[in-house]
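Residue numbers (the working numbering): 4 to 218.
Cβ atoms here follow ideal geometry from the backbone N, Cα and C, with glycine treated the same way.
Keep in mind that this is a model prediction, so the values were computed, not measured.
A quick write-up on the structure given underneath.
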Ligand code: GAR
């Protein structure tokens, strides 16, 4: 019997995801919901936070997923901290690392171990408005369209190969909160979509660009 690539992937293997978080965790929640409903063919084996009070930890625990706080203050340098994270990811057989509102800069220890296997979501149309306060910067600049980007993580912050983007019109009346909310709604759409593309084996990085194979 001939199976398509997509079918054989689903039958033979469920992508194992590890999620790094720092706060609220609505992107994590969306991923967990889509896994549970069967729309996203993957499983989340562990959630790691650099912040002990992150709401994302409770969201994971509510689903019975191991959620671990690793305190950055217990480590002298970021490289050591990331080595500890790497150990946890490996112990949970993580194949794809997802940065879902993870607000700590990732070192080469993790980036090299998960080259083109680590995704981040950012609330702007990269390369515009990288770094913190992306929505505020978009408003201050006066752009008429902003949005969000899912990309593979590379050494340069918010600059790795772009996987998916969604555009969000900026309204005259927008505040940072209102624009952030509309962008977040789009984040919840494109992040699981990017994960599913990866799970289906449809993403290929060629010369710093992501090629999406036809489904
Ligand atoms: C999201 O808007 C995400 O794009 C942003 O943090 C928020 C996390 O929300 N991430 C970054 O700015 C990373 N540079 P969430 O915790 O509710 O998913």
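>> Helix, strand or coil for residue 92? Go by DSSP, reduced to three states.
In response: Of the three classes helix, strand and coil, the one that applies to residue 92 here is helix, per DSSP.
>> Would residue 89 and residue 113 be called neighbours here (beta carbons separated by less than 8 angstroms)?
In response: In contact: residue 89 and residue 113 (Cβ atoms closer than 8 angstroms).
> ligand 1 heavy atoms versus the CB of residue 53: any closer than 7 angstroms?
Replying inline: No, the Cβ of residue 53 stays beyond 7 angstroms of every heavy atom of ligand 1.
> Looking only at C-alpha atoms, which of 206, 108, 29 sits nearest to residue 159?
Replying inline: For the residues 206, 108, 29, the minimum Cα distance to residue 159 belongs to 108.
> In this structure, what does DSSP give as the bridge partners for residue 150?
Replying inline: DSSP, once it has assigned bridges, lists 170 as partnering residue 150.
>> Buried or exposed, going by whether 16 or more other CB atoms sit within 10 Å of the CB of residue 41?
In response: Label assigned to residue 41: exposed.
> Can you tell which of 190, 60, 64 has its C-alpha closest to the C-alpha of residue 27?
Replying inline: Closest option to residue 27, Cα to Cα, is 60.
> Can you tell me whether DSSP reads residue 47 as helix, strand or coil?
Replying inline: In this structure, residue 47 counts as strand in the three-state DSSP scheme.
>> Please return the same chain residues whose Cβ sits closer than 7 angstroms to the Cβ of residue 17, not counting the five positions on each side in sequence.
In response: So the list reads 44, 45, 46, once near-sequence residues are dropped.
> Between residue 116 and the rest of its own chain, which residues show a CB-CB distance below 7 angstroms, the 5 nearest in sequence each way excluded?
Replying inline: Here the set comprises 89.
> Going by other Cβ atoms of all chains shown within 10 Å of its Cβ, with 16 needed for buried, is residue 85 buried or exposed?
Replying inline: Residue 85 comes out buried.
> Closest by CA to residue 146, which one among 79, 157, 177, 173?
Replying inline: Ranked by how close their Cα comes to the Cα of residue 146, the residues 79, 157, 177, 173 have 173 in first place.
>> Let me check understanding here. Comparing Cα to Cα, which of 20, 53, 25, 24 lies closest to residue 38?
In response: Out of 20, 53, 25, 24, 20 has the C-alpha closest to the C-alpha of residue 38.
>> Which same chain residues end up closer than 6 angstroms to residue 72 when comparing Cβ atoms and leaving out the 5 residues on each side of it in sequence?
In response: Around residue 72: 52, 55.
>> If contacts are defined as beta-carbon pairs under 8 angstroms, then residue 171 and residue 193 qualify, I think. What distance do you get, rounded to the angstrom?
In response: Not a contact, Cβ separation roughly 11 angstroms.
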